């Protein structure tokens with residue numbers, strides 16, 4: 001009988017023994033329980049009846065185990081979904097915080113830029129007081145300066161940096177605003193812009209961005225090589241009898 005009923009356990013056999021009126025000791029082993037069942041008159045008189053009890057016990061136990069397994073599975077899925085939801089909420093909060101900090105920095109930059117523009121406008125008008133015996137009060141309006149943008153051409157580095165260096169050395173300008181001006185002073189899509197934008201736009205990274213630009217485009221050996229090539233091109237042009245105006249030659253040599 002026991003061979004025909006697969007996957008039966010001790011608890012199933014205990015249930016069968018109880019159904020046929022036998023109390024099994026707690027210390028009894030599975031072989032002892034089987035022996036008790038086989039020696040009972042109920043089994044000897046109707047073994048199929050006892051077998052049916054065992055089959056039902058095994059079936060009920062398996063159904064209960066499946067229910068418990070599904071219940072545990074559902075609980076684990078709920079815990080997973082809850083943990084996933086908590087992580088998503090944390091990511092949303094972190095993203096909102098980053099957006100807030102970015103917007104705050106942008107507003108501060110705009111306010112600083114507006115302050116500097118107002119300051120430049122106020123300083124743009126210079127009054128020179130001269131004694132009335134010579135000239136009356138004179139007013140000069142200084143032109144508004146624009147950044148010369150730098151892209152990839154090494155020949156443009158020296159004129160670019162000679163202008164931007166005034167901003168770089170201005171202690172009244174906050175480093176984070178200098179960073180924004182440095183971005184504006186590079187050509188969109190150029191290698192110079194890529195170098196600058198490879199750093200987060202913070203005051204701490206401004207000096208790093210400048211050093212990277214100088215290391216990439218402002219090295220003296222590279223600049224000497226570029227200008228030597230330009231000079232050689234000019235010499236070759238003269239030797240090839242190309243018609244070049246004296247003014248053009250002078251400007252080239254001067255630069």
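Numbering (UniProt numbering), first residue to last: 1 to 255.
Just so you know, even glycine gets a beta-carbon here, dropped at the ideal spot from N, CA and C.
On a predicted model such as this, the values are computed, not experimentally measured, just so you know.
Cβ-heavy atom distance, residue i to the ligand PLP, below 7 Å
i	result
residue 73	By its list of ligands, the structure shown contains no ligand whatsoever, and the ligand PLP lies outside what it can speak to.
Opening and closing residue of the alpha helix (DSSP H) in which residue i lies
i	result
residue 207	203 to 217
residue 159	157 to 168
residue 33	30 to 39
residue 200	Looking at the DSSP string, residue 200 is not in any alpha helix (DSSP H), and its letter there is neither H nor E.
residue 184	175 to 184
residue 16	10 to 19
Exposure label - residue i; buried when at least 16 CB within 10 Å
i	result
residue 58	buried
residue 224	exposed
residue 27	exposed
residue 128	In this prediction, residue 128 has a pLDDT of 45, which is less than 50 and means its spatial position is unreliable; what the coordinates show is noted afterwards. The residue is exposed, with fewer than 16 neighbouring Cβ atoms inside 10 Å.
residue 193	buried
residue 164	buried
residue 186	buried
residue 213	buried
residue 126	Confidence is the limiting factor: at residue 126 the pLDDT is only 43, short of 50, which leaves the residue's position unreliable and the question unanswerable from this model.
Own chain residues within Cβ distance below 6 Å of residue i, not counting five before or after
i	result
residue 205	199
residue 236	none
residue 43	37, 50
residue 70	none
Member of the options whose CA lies at the smallest distance from the CA of residue i
i	options	result
residue 167	113, 223, 16	113
residue 149	181, 115, 100	181
residue 222	193, 157, 175, 151	157
residue 190	153, 56, 203	153
residue 217	184, 233, 170, 151	151
residue 215	186, 233, 201, 195	195
residue 119	173, 220, 201	173
residue 170	116, 105, 29	116
residue 108	208, 201, 86	201
residue 56	11, 31, 94	11
residue 175	208, 162, 161, 188	208
Residues of its chain near residue i, where Cβ-Cβ distance is below 8 Å and the 5 sequence neighbours each way are ignored
i	result
residue 155	226, 227, 230
residue 210	168, 182
residue 7	58, 62
residue 159	148
Own chain partners of residue i with C-beta closer than 7 Å, once the 5 adjacent residues on each side are dropped
i	result
residue 178	167, 168, 206
residue 19	53
residue 270	The chain is shown from 1 up to 255; residue 270 falls before or after that span and cannot be answered.
residue 184	147
residue 220	none
Chain C within 8 Å of residue i, Cβ atoms only
i	result
residue 230	Here chain C cannot be found, since the structure has a single protein chain.
Can we say the region 38 to 54 touches the region 79 to 97, given the rule of at least three CB pairs closer than 8 Å?
-> Here the region 38 to 54 makes no contact with the region 79 to 97; the two share fewer than three CB pairs at distances below 8 Å.
Touching by the beta-carbon criterion (3+ pairs, under 8 Å), the region 95 to 110 and the region 44 to 52 | No contact exists between the region 95 to 110 and the region 44 to 52.
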